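A.B. asks: Here's a structure for you.
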C-alpha cells in the first residue's frame, strides 16, 4: 500500500513532515543539498541575530568617524574605508543562493529584540527569496520590575509588526518558560502568526570552577527532551487554528511518529542530524512510512492528532492525572526489587 506523506505547514504544501531546523548543517549549501537529497521537506536557515548586526554597524560607524574626529595629520595615514559586505549582506546573499540551489522551501530565521529591527530584516529576507520567516523569540526577562504581562505584550507587538510587514507566512519559535503559554500562543496567532514552533531551547551557561568564569555550554538534545513539546503540541492542537511544529528531542522515526500523533504538522530535527548526518532523514521517512503501512493508515493527514488531548478518551492524561501516576508509581522501576515487594 502506498501512503501519502504530504502535509501543509504555514500554508505551504510539503512532501513530508520532516523539516531540518536551524543548525550549522543548514548554514552551508553543500549540506543543504545533502539534506534535500536525503528527503527533507523544508529547511530553516541559521538565525540572523539583530544584536550582531547592531554591533557591527556601531563598529563601522566608529571607524568611519575617525576621519572627522581625529587629527588631520593622523587622518592622512588612514586607508580609505571601502563598502565592505556586512553580516546582513552575507546572510541575504546566502538566502538567495539557497533558494536558487534548492527545490524545497527555504525558511529564514530571525532572532531579534526590537520592533524596527525585526520588521526591517524580515522584509529584506523576503526580498532575498525566503518562503517563510521564523521569528526566534529568545528573551530573558531578568528585570524584577518587568511583569510577565509586559513581556508577553512586547512579544505580541513584535509579531504583529512583522506579520503586517511581510507577504509570506510567519512562524514564531517560543520557549516553554511562560506562565500562561496557552494564552500567549493564542495572542500570537491572533497577531497574525501562521504557526508556532515548540520549543526553543535556552542554552544555559556553565561555571568553570578552575578559571572562575562563566562559560557558554552547548549540549545536544536527547529523546527525553521530546516529552515537553509533545505535551504542548497535544494540548494546543485542537485549540489553535495554526500550524504546529514540534522541535526538540526528535532523534528517530519513533519520535517523528509520536509528534504527528500528538498533532504536529511537521517535526523539526537538529541534534540527530548533527550527530548522525543529513542521511538520518531517510531513517525518519522510512520508519514513518513503514509504521503507516503496518497500522493501515493511508496518509499523514489521517493519523495526525489522533492522540491529541481533544482526541484521546482521557484528556486529563495530558495534565494532572498523569502527574499523579508518575509520582506514585513512575519510580518503581528504579527501586530494588525487595523494596517493591514490600510496598
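Numbering (the UniProt record's numbering), first residue to last: 1 to 343.
Glycine included, each C-beta is placed from N, C-alpha and C at the ideal position.
Every value quoted in this text rests on a predicted model; they were computed, and no experiment measured them.
Can you tell me which residues form a DSSP beta bridge with residue 43?
C.D. replies: 20, 106
A.B. asks: Residue ranges of each alpha helix (DSSP H) run of no fewer than 4 residues wholly in the stretch 115-189, ordered along the chain?
C.D. replies: 115-127, 148-163
A.B. asks: Over the uninterrupted alpha helix (DSSP H) stretch that includes residue 287, give me the two end residues.
C.D. replies: 280-294
A.B. asks: With burial defined as no fewer than 16 other Cβ atoms inside 10 Å of the residue's Cβ, what is the status of residue 328: buried or exposed?
C.D. replies: exposed
A.B. asks: Between 163, 307, 101, 252, which lies nearest to residue 271 when the distance is taken from Cα to Cα?
C.D. replies: Among 163, 307, 101, 252, the Cα nearest to that of residue 271 belongs to 252.
A.B. asks: Let me check understanding here. Comparing Cα to Cα, which of 168, 128, 183 lies closest to residue 153?
C.D. replies: Among 168, 128, 183, the Cα nearest to that of residue 153 is on 183.
A.B. asks: Which residues in the same chain as residue 6 place their Cβ atom closer than 8 Å to its Cβ, once the five residues preceding and following it in sequence are excluded?
C.D. replies: Result list for residue 6: 13, 14, 15, 16, 299, 300, 301, in chain order.
A.B. asks: Across which residues does DSSP place residue 251 in a beta bridge pair?
C.D. replies: According to DSSP, residue 251 bridges with nothing at all.
A.B. asks: Which residue marks the beginning of the beta strand (DSSP E) containing residue 87, and which one marks its end?
C.D. replies: Segment 87-101 is the alpha helix (DSSP H) holding residue 87; no beta strand (DSSP E) there.
A.B. asks: Does the Cβ of residue 20 have 16 or more other Cβ atoms within 10 Å, making it buried, or fewer, making it exposed?
C.D. replies: buried
A.B. asks: Ends of the alpha helix (DSSP H) at residue 233?
C.D. replies: 227-236
A.B. asks: Does DSSP classify residue 276 as helix, strand or coil?
C.D. replies: helix
A.B. asks: Can you tell me which of the three DSSP states residue 300 falls into?
C.D. replies: helix
A.B. asks: Any contact between the stretch 95-108 and the stretch 39-51? By contact I mean 3 or more CB pairs, one from each, below 8 Å.
C.D. replies: Between the stretch 95-108 and the stretch 39-51, the count of Cβ pairs shorter than 8 Å is three or higher; the stretches touch.
A.B. asks: Measuring CB atoms only, is the stretch 219-229 touching the stretch 246-266, in the sense that at least three cross pairs come out at less than 8 Å?
C.D. replies: yes
A.B. asks: Determine the direct distance from the alpha carbon of residue 230 to that of residue 185, and round the result to whole angstroms.
C.D. replies: 15 Å
A.B. asks: Let me check understanding here. Comparing Cα to Cα, which of 125, 178, 130 lies closest to residue 150?
C.D. replies: 178
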